[in-house]
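These notes are about the structure you will find just below.
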Amino acid sequence: MHADYKVQGGKLIRIDASFDGGRITSIRITGDFFIHPEQAVESIERFLIGRRIGEGLAEELRSFLGRSGIRLVGMEAEDLTTALSMAQ
Amino acid sequence: MQGRFEQSRENSRPKPAVQWRLVETIEAPASAQMAMDEAMLLARAEGRIPNTLRFFRWKPAAVTIGFFQSMEMEVDTARAKALGVDVVRRYTGGGAVVHDKEVTYSLVMDEKDAPEDIIESYKHICHGVVSGLGLLGIRAEFKPVNDIIVNGRKISGNAQTRRSGVLLQHGTLLLDTDVKRMFSLLKVADEKIRDKAIASAEERVTSLRHELGRDVPFEEARKALVEGFGRALKVQFNEAALTGYEKAAAERLRREKYATNEWNGWR
Numbered sequence: 103m104h105a106d107y108k109v110q111g112g113k114l115i116r117i118d119a120s121f122d123g124g125r126i127t128s129i130r131i132t133g134d135f136f137i138h139p140e141q142a143v144e145s146i147e148r149f150l151i152g153r154r155i156g157e158g159l160a161e162e163l164r165s166f167l168g169r170s171g172i173r174l175v176g177m178e179a180e181d182l183t184t185a186l187s188m189a190q
Numbered sequence: 263m264q265g266r267f268e269q270s271r272e273n274s275r276p277k278p279a280v281q282w283r284l285v286e287t288i289e290a291p292a293s294a295q296m297a298m299d300e301a302m303l304l305a306r307a308e309g310r311i312p313n314t315l316r317f318f319r320w321k322p323a324a325v326t327i328g329f330f331q332s333m334e335m336e337v338d339t340a341r342a343k344a345l346g347v348d349v350v351r352r353y354t355g356g357g358a359v360v361h362d363k364e365v366t367y368s369l370v371m372d373e374k375d376a377p378e379d380i381i382e383s384y385k386h387i388c389h390g391v392v393s394g395l396g397l398l399g400i401r402a403e404f405k406p407v408n409d410i411i412v413n414g415r416k417i418s419g420n421a422q423t424r425r426s427g428v429l430l431q432h433g434t435l436l437l438d439t440d441v442k443r444m445f446s447l448l449k450v451a452d453e454k455i456r457d458k459a460i461a462s463a464e465e466r467v468t469s470l471r472h473e474l475g476r477d478v479p480f481e482e483a484r485k486a487l488v489e490g491f492g493r494a495l496k497v498q499f500n501e502a503a504l505t506g507y508e509k510a511a512a513e514r515l516r517r518e519k520y521a522t523n524e525w526n527g528w529r
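Protein chains in written order, with the numbering used here: chain A, 103 to 190; chain B, 263 to 529.
Dropping the structure here:
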């Protein structure tokens, strides 16, 4: 399913994802945000595959970003998980 | 005592201004421009060139999309082709931009010469554009994340990446706007509100022509920006051409990356 989520005062996150029993089976994140380093968008997608959308996901993602040295600009981890839940 | 001595020596000898290279304005297609930016980044990372500012013009007009955008979702590529407008994906994130009547700059600098925080570094560098606009008589301000606005309307968009200890930032300064043409090349998320989106964009965007009530030549705006960047970054510019290394790297990157469907259509 597809969802567009406009971050407050920020960027547009566009998600194309498929789900099976609440778990993410495929995902493509596009939009006009910034991620440093850029190639990390694919690590984020790989990290999310197999995970279940729920309360803990934003925290898990934030922790993954922190230990991987990935910086989001114009959005937060919560914005990505909000967009994901809209695509479900 | 030593501290005082160093203090007085500091005061009596003005620091020599930091020298940057200023590259002559280059007119070229979008794929070549984006390749030159990345070539400068590589050359800077290898210590082959000093921090550098350049200006360029898109010939022909072009649409660029941000690194993370979907070409298919953002750009009417068939229309771009019919109008002879180039389409290319940038190395930097951010949004889709139609480049036509504008001054475009790009700079590469040692990451250590800019604030570590990304938004702060945008502010630091964008201050060059704000300062240049001031010289043209326009009061502008930086608006996080990456815009420069005049009375609430966007006049400049900027995008940054960092790699191998080098910061690359490029950005636009609008000389004139044609929002209808812009929207004929870009797709809007919801086609039902296309007219509304055009009207709203016309309200949100401005240009030198709109602000000053006259056509501002490219060269006049470029000179103001050079002066503005010099003041904001506290640097002096020495004019020089791209090196042979940069030209060769740019040609390779153009051919193998920015002119390929693999790169432009990867999302």
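Ideal Cβ placement from N, Cα and C applies to all residues, glycine included.
Can you give me the C-alpha to C-alpha distance between residue i and residue j, rounded to a whole angstrom?
i: Ile117 (chain A); j: Ala105 (chain A); result: 5 Å
i: Ala189 (chain A); j: Leu397 (chain B); result: 47 Å
i: Asp299 (chain B); j: Ala521 (chain B); result: 14 Å
i: Val285 (chain B); j: His432 (chain B); result: 14 Å
i: Ala342 (chain B); j: Gly390 (chain B); result: 32 Å
i: Ser270 (chain B); j: Val370 (chain B); result: Confidence in Ser270 (chain B) is poor, its pLDDT being 48 and thus under 50, which makes the residue's placement too unreliable to answer from.
i: Arg401 (chain B); j: Arg415 (chain B); result: 12 Å
i: Thr439 (chain B); j: Arg319 (chain B); result: 15 Å
i: Val109 (chain A); j: Pro278 (chain B); result: 44 Å
i: Leu163 (chain A); j: Glu157 (chain A); result: 11 Å
i: His361 (chain B); j: Val325 (chain B); result: 6 Å
i: Glu336 (chain B); j: Lys496 (chain B); result: 38 Å
i: Trp547 (chain B); j: Ser187 (chain A); result: An answer regarding residue 547 (chain B) cannot be provided, because it is not within the stretch 263 to 529 covered by chain B.
i: Glu481 (chain B); j: Lys374 (chain B); result: 31 Å
i: Ala297 (chain B); j: Ala179 (chain A); result: 31 Å
i: Leu430 (chain B); j: Gln422 (chain B); result: 6 Å
i: Ala512 (chain B); j: Phe136 (chain A); result: 24 Å
i: Pro322 (chain B); j: Arg154 (chain A); result: 47 Å
i: Lys363 (chain B); j: Val467 (chain B); result: 13 Å
i: Lys449 (chain B); j: Ile126 (chain A); result: 28 Å
My output table needs one value for residue i: the three-state DSSP class, helix, strand or coil.
i: Trp525 (chain B); result: helix
i: Glu308 (chain B); result: coil
i: Gly394 (chain B); result: helix
i: Ala279 (chain B); result: coil
i: Thr468 (chain B); result: coil
i: Lys519 (chain B); result: helix
i: Asp348 (chain B); result: strand
i: Glu378 (chain B); result: coil
i: Arg125 (chain A); result: strand
i: Phe499 (chain B); result: strand
Note down, in chain order, every chain A residue with its Cβ under 7 Å from the Cβ of residue i.
i: Ala376 (chain B); result: Correct list: empty, because the minimum Cβ distance to chain A is about 13 Å.
i: Gly328 (chain B); result: Asp134
i: Gly357 (chain B); result: Asp134
Taking the continuous alpha helix (DSSP H) assigned at residue i, which residues delimit it?
i: Leu186 (chain A); result: Ala179 to Ala189
i: Glu481 (chain B); result: Phe480 to Leu495
i: Ile87 (chain A); result: Residue 87 (chain A) cannot be examined here, being either before or after the span of chain A that is shown, 103 to 190.
i: Leu515 (chain B); result: Gly506 to Leu515
i: Ser345 (chain B); result: Looking at the sequence itself, residue 345 (chain B) is Leu, so the reference to Ser does not match. Where Leu345 (chain B) is concerned, the enclosing alpha helix (DSSP H) stretches over Thr339 to Leu345.
i: Glu336 (chain B); result: Met333 to Glu336
In terms of DSSP beta bridges, what is residue i paired with?
i: His138 (chain A); result: A:Arg173
i: Asn313 (chain B); result: According to DSSP, Asn313 (chain B) bridges with nothing at all.
i: Lys405 (chain B); result: B:Asp409
i: Val450 (chain B); result: Its beta-bridge partners do not exist; DSSP assigns none.
i: Asp118 (chain A); result: A:His104 and A:Arg130
i: Phe318 (chain B); result: B:Ile288 and B:Thr366
Give the residues of chain A in contact with residue i, contact being defined as C-beta atoms less than 8 Å apart.
i: Ile380 (chain B); result: Phe136, His138, Arg173 and Val175
i: Gly433 (chain B); result: Within chain A, no residue comes near Gly433 (chain B); the closest Cβ sits about 13 Å away, beyond 8 Å.
i: Met335 (chain B); result: Arg116 and Thr132
So which residues on chain B does residue i lean against when the C-beta distance must stay under 8 Å?
i: Gly112 (chain A); result: Val407
i: Arg148 (chain A); result: Those do not exist, as Arg148 (chain A) stays about 15 Å from chain B at its closest Cβ, beyond 8 Å.
Residues of chain B with CB closer than 9 Å to the CB of residue i, please, in chain order.
i: Arg130 (chain A); result: Ser332 and Arg529
Please report the residue range of the beta strand (DSSP E) in which residue i lies.
i: Tyr367 (chain B); result: Glu364 to Asp372
i: Asp106 (chain A); result: His104 to Lys108
i: Gln431 (chain B); result: Val428 to Leu436
i: Gly419 (chain B); result: Arg415 to Arg425
i: Thr326 (chain B); result: Ala324 to Ile327
Along chain A, which residues have their Cβ under 9 Å away from the Cβ of residue i?
i: Thr423 (chain B); result: Phe136, His138, Pro139 and Glu140
i: Met302 (chain B); result: Per Cβ cutoff of 9 Å: no residues; Met302 (chain B) is ~17 Å from chain A at best.
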